[in-house]
Amino acid sequence: MNRAQAYGDGLFETMRIHRGLILHPEEHYFRLMSGMRILRMQIPSSWSPEGWLQALELDKLDRSLDYRLRLTVWRKGKLGYAPEPESGVDWAVEASALDGIGYPIPVNRPLLGLFQEHRKNSGLLANLKTTSAVLYVLAAGFSREQGVDDVLLLNPENQVIEAGKSNVMLLQGDTLITPPLSSGALKGVMREVVIGLSSKLGLSVREEAFSPFTLQQSDELWLTNALHGVSAVRQFRKTEFGCAKAELMQALVQERAQTAQFQ
């Protein structure tokens, strides 16, 4: 048993592979490096951007398919809470083929529910993709029971922070609103990409906390993640949403993905 299995002492990155390349690799790489530093893990000396790509063994994948690639990194060492000094890390790479090539166009139109049984706390650890994922497991189980595609997660202040598999963004007029990282939201790669592209659609971005009731005042409700890009929620409870701007944003995300490699 390793420390990720025993204690959740690990991180993971879930990436989309298209034509043998990671989409948005810089964002994934620097998020992982930042997370490892926060958890005080030793970063392998060979993990320059180029060395890290070699560790993923992308050359073994069929370039005609898109893949979901998960990289899991955990601290080496004996069991026991206290990590051993200079213990280094181990990692594993898993790949599974995806349906379709590139991000979905037209965008996915999921049904959304609300998960209220447990709350997610804020803080630096809340922004990381750690292998301690019990909250997300319970949220996914609740989604299945309720017959919805995903659910909103709340923090102790009853503010929306993210969905079970995605970051959340509200479109109100020409303003895109997304929960701040300080509220407990995951530091999502696609969240960062969409914020960076928003001005190309004439959208301003506001990072602020909001309650589930705010959703009823929105024109569109977006879910963003590295596998699917932008999804436009079809319905949350009795409120239905549009998808016109989400389609335009997805096209920009797809265009960026073709060229955004390590500089």
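Basically our numbering = 1-based index in the sequence shown + 165.
Note that beta-carbon positions come from the ideal geometry of N, C-alpha and C, so glycine has one too.
Predicted model, so just to flag it, every value in this text is computed and none were measured.
Under the three-state reduction of DSSP, which class applies to residue i: helix, strand or coil?
{"i": "Val358", "result": "helix"}
{"i": "Phe177", "result": "strand"}
{"i": "His193", "result": "helix"}
{"i": "Ala169", "result": "helix"}
{"i": "Gln428", "result": "Its pLDDT being 47, under 50, Gln428 is placed unreliably by the model, and nothing is read from it."}
{"i": "Tyr268", "result": "coil"}
{"i": "Asp315", "result": "strand"}
{"i": "Ser211", "result": "coil"}
{"i": "Ser383", "result": "coil"}
{"i": "Arg421", "result": "helix"}
{"i": "Asn292", "result": "helix"}
{"i": "Gln400", "result": "strand"}
In or out: residue i buried (at least 16 other Cβ within 10 Å) or exposed?
{"i": "His283", "result": "exposed"}
{"i": "Thr424", "result": "exposed"}
{"i": "Lys410", "result": "buried"}
{"i": "Leu290", "result": "exposed"}
{"i": "Ile326", "result": "buried"}
Spell out the partners DSSP gives residue i in its beta bridges.
{"i": "Asn390", "result": "Gly394"}
{"i": "Arg240", "result": "Val254"}
{"i": "Ala262", "result": "Tyr232"}
Would you say residue i faces chain C, with C-beta separation under 9 angstroms as the test?
{"i": "Gln324", "result": "The chain labelled as chain C is not found in the depicted structure, where only one protein chain is given."}
Closer than 8 angstroms is the cut-off here; do at least three beta carbon pairs connect the region 166 to 186 with the region 235 to 247? yes
Stretch pair the region 412 to 426 + the region 362 to 376: three plus CB contacts closer than 8 angstroms: yes
Quick test of the definition: if touching needs 3 or more C-beta pairs under 8 angstroms, does the region 373 to 393 touch the region 326 to 340? yes
Does the region 177 to 191 come close enough to the region 223 to 234 to have 3 or more Cβ pairs within less than 8 angstroms? yes
Inspect the CB distances between the region 385 to 405 and the region 267 to 276 and report whether three or more fall short of 8 angstroms. yes
Check whether the region 303 to 316 and the region 257 to 269 touch, using three or more Cβ-Cβ pairs below 8 angstroms as the test. no
Okay, do the region 339 to 352 and the region 393 to 404 touch, 3+ Cβ pairs below 8 angstroms being the bar? no
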